[in-house]
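Student:
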Amino acid sequence: MRESLLSYLKANQVDDGKYHETMTESWMKIVRHYMQLTDTSAGSDDFIEHQPQLLNTELIFKYYSAELLYSEQARTAFVNADLQAMPEYR
């Protein structure tokens, strides 16, 4: 995922410093969690209708303090949540 997003930023002449490893991986985990809670959906719009909380940009702060999430360490490498464990699925 990281390499694809960094390539996308480069192709669109966006500073790769905009990429945030912890936010990227955490949002992927959050979306997967809500996918597990959704029986079926006809597509992304239907999925969001079933899980509208995914539109809440503050949802990540259920798991991370702003101090940790906005740290340089979290931007450059994945760090575990400090407020509540992220949902994990295999």
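Mind the numbering: the sequence shown is residues -18 to 71 in our numbering, read in order. The beta carbon of each residue, even a glycine, is placed where N, CA and C say it ideally should be.
1) What whole-angstrom Cβ distance do Leu40 and Asp63 have, given they're in contact under 8 Å?
2) Run through DSSP, which three-state label would Glu(-16) get?
3) So for Glu30, helix, strand or coil by DSSP?
4) In terms of alpha-carbon separation, which member of Gln65, Leu36 and Gln17 lies closest to Asp26?
5) Between Asp(-3) and Ser(-12), what straight-line distance do the alpha-carbon atoms span, to the nearest angstrom?
6) Looking only at its own chain, which residues have a Cβ that is under 7 Å from the Cβ of Gln54, when we skip the five neighbours before and after it?
7) At the level of alpha carbons, what is the spacing between Lys(-9) and Met4?
Tutor: To lay it out plainly:
1) At roughly 16 Å, the Cβ-Cβ gap does not stay under 8 Å, so Leu40 and Asp63 are not in contact.
2) Glu(-16) falls in the helix class under three-state DSSP.
3) Correct three-state label for Glu30: helix.
4) The shortest Cα separation from Asp26 among Gln65, Leu36 and Gln17 belongs to Leu36.
5) So the two alpha carbons sit approximately 9 Å from each other.
6) Cβ neighbours of Gln54 beyond the five flanking positions: Val60.
7) Going by C-alpha positions, Lys(-9) is about 19 Å away from Met4.
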